[in-house]
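Peer 1: For the sequence shown, counting from 1, position 82 maps to 82 in full-length UniProt numbering; every step adds exactly one.
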Amino acid sequence: MESSTPAAPGPGPGSPPAAGRRPDSQLRELTLRGVTRDYGEHTALHPLDLTVHGGEFVALLGPSGCGKTTALNCLAGLLPLSGGEIALDGRRVDTLPPEKRGFGMVFQNYALFPHLTVRANVGFGLKMRKTGKAEIGRRVDAVLRLVRLTEQAHKHPGQLSGGQQQRVAIARAIVLEPPLVLMDEPLSNLDAALRLQMRGEIRRIHQEFGLTTVYVTHDQEEALSLADRLVVLREGRVSQIGTPADLYETPADPHVAAFMGYRNLLRLEAVTADSQGVLARGRGLELRGTPVADRVLDLREPVVVAIRPENVHLAEGGAPADLTAVAEIVEYHGRQFHVEARTDGGDRVYFKTATRVHPNDPVSLTIPADRALVFRDPQGADLSANQGAGT
Ligand SMILES: Nc1ncnc2c1ncn2[C@@H]1O[C@H](COP(=O)(O)OP(=O)(O)O)[C@@H](O)[C@H]1O
Ligand SMILES: [Mg+2]
1 MESSTPAAPG PGPGSPPAAG RRPDSQLREL TLRGVTRDYG EHTALHPLDL TVHGGEFVAL
61 LGPSGCGKTT ALNCLAGLLP LSGGEIALDG RRVDTLPPEK RGFGMVFQNY ALFPHLTVRA
121 NVGFGLKMRK TGKAEIGRRV DAVLRLVRLT EQAHKHPGQL SGGQQQRVAI ARAIVLEPPL
181 VLMDEPLSNL DAALRLQMRG EIRRIHQEFG LTTVYVTHDQ EEALSLADRL VVLREGRVSQ
241 IGTPADLYET PADPHVAAFM GYRNLLRLEA VTADSQGVLA RGRGLELRGT PVADRVLDLR
301 EPVVVAIRPE NVHLAEGGAP ADLTAVAEIV EYHGRQFHVE ARTDGGDRVY FKTATRVHPN
361 DPVSLTIPAD RALVFRDPQG ADLSANQGAG T
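(1) Could you compute how far the alpha carbon of residue 455 sits from the alpha carbon of glutamate 340?
(2) For alanine 381, collect the residues of the same chain with a Cβ closer than 6 angstroms to its Cβ; drop the 5 residues on either side in sequence, then sort them by chain order.
(3) Going by beta carbon distance, what residues of the same chain come within less than 7 angstroms of arginine 235, once the five residues before and after it are set aside?
(4) Use the C-beta contact count for proline 359: other C-beta atoms within 10 angstroms, 16 or more gives buried, fewer gives exposed.
(5) If you draw a straight line from the C-alpha of histidine 255 to the C-alpha of glutamate 99, how long is it?
(6) Taking any heavy atom of ligand 1 as the mark, which residues have a C-beta closer than 5 angstroms to it, listed down the chain?
(7) Counting pairs of Cβ atoms below 8 angstroms between the stretch 152-169 and the stretch 184-191, do you hit three or more?
(8) Spatial neighbours of alanine 173 within its chain, please: C-beta separation below 7 angstroms, excluding the five flanking residues on both sides.
(9) With a threshold of 8 angstroms between beta-carbons, can leucine 81 be considered close to chain B, or not?
(10) With distances taken between CB atoms, is the gap from leucine 61 to valine 232 smaller than 8 angstroms?
(11) May I ask you to report which of helix, strand or coil DSSP gives valine 122?
(12) Considering alanine 280, what are the terminal residues of the beta strand (DSSP E) in which it resides?
(13) For tyrosine 215, which residues from the same chain have a beta carbon less than 6 angstroms from its beta carbon, with the 5 sequence-adjacent residues on both sides left out?
(14) With the cut-off set at 8 angstroms, would you say proline 157 and asparagine 109 are in Cβ contact?
(15) Can you give the Cα-Cα distance for alanine 306 and glutamine 336, rounded to whole angstroms?
(16) For leucine 266 and leucine 279, which I take to be in contact (beta-carbon distance under 8 angstroms), what is that distance rounded to the nearest angstrom?
(17) Across which residues does DSSP place histidine 333 in a beta bridge pair?
(18) Using a Cβ-Cβ cut-off of 7 angstroms (strictly less than) and excluding sequence neighbours within five positions of arginine 342, which residues of its own chain qualify?
(19) By how many angstroms is the C-alpha of aspartate 361 removed from the C-alpha of alanine 227?
(20) Tell me where the alpha helix (DSSP H) around proline 178 begins and ends.
(21) Tell me whether arginine 308 is buried or exposed, calling it buried when 16 or more other Cβ atoms sit within 10 Å of its Cβ.
(22) Just tell me which of Asn311, Asp344, Ala369, Ser364 has its CA closest to the CA of lysine 352.
(23) Under three-state DSSP, which class holds arginine 92?
(24) By Cβ distance, which residues of its chain are closer than 7 angstroms to arginine 281, with the 5 residues on each side in sequence left out?
(25) Where are the beta strand (DSSP E) runs, 3 residues long or more, that stay fully inside the stretch 37-107, in chain order?
(26) Kindly list the residues whose CB is nearer than 6 angstroms to the CB of leucine 72, restricted to its own chain and excluding five residues on each side of it in sequence; keep chain order.
(27) Can you tell me whether glutamate 269 sits near ligand 2, meaning its C-beta is under 7 angstroms from at least one heavy atom of the ligand?
(28) For valine 52 and leucine 81, which I take to be in contact (beta-carbon distance under 8 angstroms), what is that distance rounded to the nearest angstrom?
(29) Looking only at its chain, what residues have a beta carbon closer than 8 angstroms to the beta carbon of arginine 356, apart from the 5 residues adjacent to it on each side?
(30) Checking 8 angstroms against the spacing of the C-beta atoms, do alanine 171 and leucine 194 come in under that value?
(31) In the DSSP output, which residue or residues are listed as bridge partners for threonine 150?
(32) Exposed or buried, what is tyrosine 350 when buried is set at 16 or more other beta-carbons lying within 10 Å of its beta-carbon?
(33) Hey, would you say the C-beta of histidine 286 is under 7 angstroms away from at least one heavy atom of ligand 2?
(34) I'd like to confirm something about aspartate 184: is its beta-carbon nearer than 7 angstroms to some heavy atom of ligand 2, or not?
(35) What separation, rounded to the nearest whole angstrom, lies between the Cα atoms of glycine 40 and glycine 83?
(36) Where does the unbroken beta strand (DSSP E) through alanine 273 begin, and where does it stop?
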């Protein structure tokens, strides 16, 4: 991702959204305790513990197949749990069918009624609840204004763009003022420009309406820009729960680091570990870093040193370098060059610089020790597999 700091977090846990009108149905707390789901022999979701506070926007983030949709469908009631319980303000809901939970759902494929107008699609749920006509009209109008579809109200879904259709799906979910809105990759069918625009819309709607939301995505930028807190999943287990800043500054393990844009992941061996940090060595490299865990590393312990490309700098004016390499791929990104270089030992190193670099240029690089995070090596794991996009 381009910016070095995530978007400012929104309304924090428990605090009402700034501009938001909090619907009467707003919940105070959603709790998941040991929520588990098996498909036959395969456990898609290992015991998940999570508390979501009223008005909060929580994103479930992880690569495809990590169990995001399974978790969301368990919440929605579309999948029975294999274990654990779910409670809304202390009242168990995991035994209730989806319609009794009354959650708003937004799916990747919109799932609109093609034969109904936008207005009728949005009003459908209220009609099912036998809400009065005048009340339906008032609430549908208000929500259509919120999602900026007033002008399109008479059209059918087939006459709308993908982004507009997704806004109808969002309007249909929020018009019911549900205690909880669940969204499963709602933007992944849209093209890149529209995805960015809709991301802003979702954030705005959340701020104005203040509905508690659980949002599923595999896109780390999307999750960071939208969510108050993120739950990073990997192979059905929670890797870390935290605010965007928590995950960004102190990822819990190399996998979360990879997802958060720590593109340089060097497998080395700890040589010394003291109050100055860790010295790690391997394949001609010698780097100083900061251990992430409290536990003191054993000497000769295999470690992964994780560094963001923006924290690798060209050594200026003959300053001593932490490593030397040869530039291989140079991409121009406006004010910056994104460079992929290779060390003598064969390690790939990614960095960003405003200085013009050409392929085959030798480069001397420095890495501040406080920006090099040292993790115990999750032995055998493929660290390249879950790198977030767009570093
Ligand atoms: N109906 C199903 N039957 C068997 N396995 C499933 C089923 N649905 C999902 N899985 C498996 O469960 C895991 C998690 O899937 P899913 O929750 O859809 O992941 P995600 O939404 O993160 O991509 C995957 O390994 C997937 O293959
Ligand atoms: Mg999914």
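The beta-carbon is built from N, C-alpha and C at its ideal position, and this holds for glycine as well.
Peer 2: According to the structure shown:
(1) Outside the displayed span of the chain (1 to 391) sits residue 455, for which this structure offers no information.
(2) none
(3) Residue 235 is actually glutamate in this sequence, not arginine. Same-chain partners within the cutoff: Cys66.
(4) exposed
(5) 37 angstroms
(6) Tyr39, Ala44, Ser64, Gly65, Cys66, Gly67, Lys68, Thr69, Thr70
(7) Flag = yes, the stretch 152-169 and the stretch 184-191 touch.
(8) Gly104, Met105, Val106, Val181
(9) Chain labels in this structure do not include chain B; a single protein chain is all it has.
(10) yes
(11) Three-state DSSP puts valine 122 in a helix.
(12) 277-282
(13) Once the five neighbours on either side are set aside, the close Cβ partners of tyrosine 215 are Ala59, Met183.
(14) no
(15) Approximately 21 angstroms between the Cα atoms of the pair.
(16) Rounded to whole angstroms, the Cβ separation of leucine 266 and leucine 279 is 13 angstroms, and the two are not in contact under 8 angstroms.
(17) DSSP lists Gln336 as partners of histidine 333.
(18) Ala325, Val326, Glu328, Arg348
(19) 41 angstroms
(20) Here proline 178 belongs to no alpha helix (DSSP H), and DSSP marks it neither H nor E.
(21) buried
(22) Asn311
(23) strand
(24) Around arginine 281: Leu268, Glu269, Val271.
(25) 42-53, 57-61, 83-88, 104-106
(26) Leu182, Asp184, Val216
(27) no
(28) Going by Cβ atoms, the distance from valine 52 to leucine 81 rounds to 17 angstroms, so no, they are not a contact pair.
(29) Phe337
(30) no
(31) Note: threonine 150 sits in no beta bridge, so no partner.
(32) buried
(33) The identity of residue 286 in the sequence shown is glutamate, whereas the question assumes histidine. Because no heavy atom of ligand 2 lies under 7 angstroms away, the Cβ of glutamate 286 does not count as near it: no.
(34) yes
(35) 14 angstroms
(36) For alanine 273, the enclosing beta strand (DSSP E) begins and ends at 264-274.
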